[in-house]
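Visitor:
2 protein chains.
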Amino acid sequence: MRFSKATNYALHTMLALIDASPVKPVGVQQLAESQGVSPTYLSKILTRLVKAGMIESVSGANGGYRLSRKKDDITFLDIIHAIEGNASLFECDFVHGDECQIQAVMKEAEQKMESHLQQAKLVDLAQKQVQA
Amino acid sequence: MRFSKATNYALHTMLALIDASPVKPVGVQQLAESQGVSPTYLSKILTRLVKAGMIESVSGANGGYRLSRKKDDITFLDIIHAIEGNASLFECDFVHGDECQIQAVMKEAEQKMESHLQQAKLVDLAQKQVQA
DNA sequence: GAGTGCTTACTCGGATACCTGCTGTCCGAGTGTGCTCGG
DNA sequence: CCGAGCACACTCGGACAGCAGGTATCCGAGTAAGCACTC
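In the order they appear, the protein sequences are chains A and B. For the first sequence, this note's numbering assigns the number 20 to the initial residue and increments by one for each residue that follows. For the second sequence, this note's numbering assigns the number 20 to the initial residue and increments by one for each residue that follows.
1) Given that Ser23 (chain B) touches chain A, what residues does it touch there, using C-beta distances under 9 Å?
2) Can you look up Arg88 (chain A) in the DSSP assignment and give me helix, strand or coil?
3) Can you tell me whether DSSP reads Ser62 (chain A) as helix, strand or coil?
4) Using CA coordinates, which residue listed in A:Lys43, A:Lys63, A:Gln130 and A:Lys140 is at the minimum distance from Ala80 (chain A)?
5) Pull up the CB-CB distance for Ala29 (chain A) and Ile64 (chain A), whole angstroms please, since I reckon it's below 8 Å.
6) Chain B partners of Leu68 (chain A), CB-CB under 9 Å?
7) Mind checking whether Ile98 (chain B) and Met33 (chain B) have CB atoms under 8 Å apart?
8) Got a sec: is the Cβ-Cβ distance from His31 (chain B) to anything in chain A below 8 Å?
9) Near Ser18 (chain B), which residues of its chain fall below 8 Å by C-beta distance, leaving aside the five closest residues on each side in sequence?
10) Just to confirm my understanding: we take Gln122 (chain A), look at its own chain, exclude 5 residues before and 5 after, and list those with CB closer than 7 Å. What are they?
11) What are the residues in the region 46 to 71 of chain A lying within 8 Å of chain B by C-beta distance?
12) Which word fits Asn27 (chain A), buried or exposed, when buried means at least 16 other C-beta atoms lie within 10 angstroms of its C-beta?
13) Return helix, strand or coil for Met132 (chain B), following the three-state DSSP convention.
14) Enumerate in chain order the residues of its own chain whose CB-to-CB distance from Lys140 (chain B) is below 7 Å, with the five nearest sequence positions on each side excluded.
15) Can you give the beta carbon distance from Glu129 (chain A) to Met132 (chain B), rounded, assuming they're within the 8 Å contact cut?
16) Among A:His100, A:Phe113, A:Cys119 and A:Val114, which has the Cα closest to the Cα of Gln137 (chain A)?
17) How far does the alpha helix (DSSP H) with Ile102 (chain B) in it extend, from its first residue to its last?
18) Note the first and the last residue of the continuous beta strand (DSSP E) segment covering Glu52 (chain B).
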């Protein structure tokens, strides 16, 4: 169980978009080049972020992607859920009486991680980079 | 990114072994039957737990598996690491200057989850089941 | 009665097959921008 | 000078291929317990 590379691409791309202008969109080619991914593949990933309502795409010449929310609203968890899905990390499909005690513990642990990711905002990292 | 079914099997099997006698081993067939898995597959999973030093196998007639540690020492994290591996959930293989800020946040979140899993012990669940 | 050997029950490990999901590519379609050309 | 039309740059979405890893099965080998049989 690992996070997919797509999640990594998505996080880095969002960070780049936060640093960029909120008005003028950034092209996929430029975003892909800075990460060493193929533009077509990155486009596929960004489509998921668009559907999640985090960014919006501008087609046509000088098109690209830009944020559709305020920077402050974007958490790690939002991006991860948009890419990986909202499904629980652990699912016990056995039929015990009542609920599975093991699953309960796993979900607690998962929520510990998620609460940290929900509190972490990408904009904080962007500011750090600017300061450096 | 999800936990594998093997992890679920391993956790349930360990819980069954904790409830069972610490001396007399439990056969794979019995363990597999209670979870609806094939014995050969479960055997493969348990081999990993053996290599991790959590249980030991007894071959021959009336053989099977039994704990090789004290019940109190067995945490969720031990089992998960034995099955899923110790690798980090998130790896950023890009070459930024210094370390990746994003990866740092992800590792913090991962550690939040792991610390919870390390503190959670299977023996507590076993007791709950006995009480019920 | 004791010891030897056979049968049986069980795990071990490797090899193998299947399938799902991630990763990545290709291509046709749609869309907006800017330029050109004719009136 | 103005507007229509064209070429270009760019994203969108589906279809498709490759690959890795999880899931599961099969089979031969090793091992210990229990029983029978012989001396």
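Here a beta-carbon is modelled for each residue, glycine too, at the ideal position from N, C-alpha and C. Remember, predicted model here, so these are calculated numbers, not experimental data.
Guide: On the basis of the supplied data:
1) Met20
2) coil
3) helix
4) A:Lys43
5) 6 Å
6) Near Leu68 (chain A) there are no residues of chain B at all, since even the closest Cβ is about 15 Å away, more than 9 Å.
7) yes
8) yes
9) An answer regarding residue 18 (chain B) cannot be provided, because it is not within the stretch 20 to 151 covered by chain B.
10) Phe109 and Cys111
11) Gln54 and Gly55
12) buried
13) helix
14) Asp91, Ile93 and Thr94
15) 7 Å
16) A:His100
17) Phe95 to Glu103
18) Here Glu52 (chain B) belongs to no beta strand (DSSP E); instead the alpha helix (DSSP H) covers Val47 to Gln54.
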